[in-house]
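Taking it in order: structure first as structure tokens, then the write-up.
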Amino acid sequence: MLELEHGFRVVDVYATLALDERQGESQARRHGRTITPDRLEREMHQAGVTRSIVFPPARHEASYVAPNNGVARHSVDRPFVAFARISGTKHSEHTTAGRLRNAINRPKETHTTPGDVEMYAYDDRFHGFVLDPAADGYPDKDLLEALDDVELPLVVRGGADAPPEALADALLGREFPVVVAHFGGHPLDRERMHTMIDLLEQYDDCYLETSFVRYRDVLERAVLEHPDRVLFGSGAPDAHPNVAVMETLTLDVSEDLLRRIFSKNACRVIDVLGPDATSWK
6 MLELEHGFRV VDVYATLALD ERQGESQARR HGRTITPDRL EREMHQAGVT
56 RSIVFPPARH EASYVAPNNG VARHSVDRPF VAFARISGTK HSEHTTAGRL
106 RNAINRPKET HTTPGDVEMY AYDDRFHGFV LDPAADGYPD KDLLEALDDV
156 ELPLVVRGGA DAPPEALADA LLGREFPVVV AHFGGHPLDR ERMHTMIDLL
206 EQYDDCYLET SFVRYRDVLE RAVLEHPDRV LFGSGAPDAH PNVAVMETLT
256 LDVSEDLLRR IFSKNACRVI DVLGPDATSW K
């Protein structure tokens, strides 16, 4: 795709980097598509994205130690900001199956511990955490307290299997900022997206991320009602960042609001994305 020229500084808070170390080379694989970290960097450059948060994909009941370290390693000397993926032992209390599983669940070696959170927090290669409740579960009390202590941002995937009400009960209103990906309505659930926007009234440290939100009216409502709470995300490599940038540029909002979406809001929540944070970890 052609390189975009839009005049905005853009930072991306949602990009996946899956590393295949078994073949002796780093490759990001998503639904059969292969993309190297260098290719991801080029695509971000084409879209005018200056910094990108990257993290490993979700993996059911698997340790994230090696994938997290791989993402951090391949972020060095690239405009990538590594977030560590974590997992929890809890399930949503909003379903009967979740309540039953919580009654019998026991921690496994693959689950993230409070010690792991502390280790990631004090490792200067990582600047936050990522969670997909459908694959990773929810943090238990001890893990939440550890996240409260370190106060790093948490990006959480929201959708049909992690609805706004469940996210609110399990994660919101804590000491750390929470960025809800896909407006909490993946895939294309307009009602849940509006519910998540409504919840912004109740939770000051909750933010919404834009990837795969295809409804202009939903995006424009969030930006106009909560101009400081919407953060741009591309969803790369599932979506080319050019596409995500162009979708945002077509919104019927002011240039000032576009600047907030593209960079100002994210830089306020995640310091390392700021223009003065020139060193790449």
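Residue numbering for the sequence shown follows the working numbering, beginning at 6 and increasing consecutively. Where a beta carbon is used, it is the ideal one built from N, C-alpha and C, also for glycine.
Residue 217 places its beta carbon 8 angstroms or farther from that of residue 135. Here the alpha carbon of residue 47 sits roughly 43 angstroms from the alpha carbon of residue 110. With a cut-off of 8 angstroms on Cβ pairs, the region 191-199 is in contact with the region 155-170, counting three or more such pairs. Within the region 105-168, complete beta strand (DSSP E) segments of at least 3 residues are found at 131-136 and 159-164, given in chain order. Pairwise C-beta distances place the region 142-161 in contact with the region 109-129, as three or more of them are shorter than 8 angstroms.
Distance from the CA of residue 50 to the CA of residue 86, rounded to the nearest whole angstrom, comes to 15 angstroms. For residue 227, the closest C-alpha among the options 19, 181, 9 and 258 is that of 258. Note that the C-beta distance between residue 126 and residue 167 is not below 8 angstroms. Sorting 282, 281, 12 and 276 by C-alpha distance to the C-alpha of residue 158 places 276 at the top. If you look at residue 15, you'll find it in the beta strand (DSSP E) that goes 15-21. As the crow flies, the alpha-carbon of residue 255 is around 11 angstroms from that of residue 11. According to the DSSP assignment, residue 202 belongs to no beta strand (DSSP E) but to the alpha helix (DSSP H) extending over 195-204. Between the region 259-274 and the region 74-84 there are fewer than three C-beta pairs closer than 8 angstroms, too few to call the two in contact.
The Cβ atoms of residue 23 and residue 62 sit closer than 8 angstroms to each other. In the three-state reduction of the DSSP assignment, residue 46 falls in the helix class, which pools H, G and I. Using a Cβ distance threshold of 8 angstroms, residue 14 and residue 267 count as a contacting pair. Looking from the CA of residue 244, the closest CA among 203, 215 and 265 belongs to 215.
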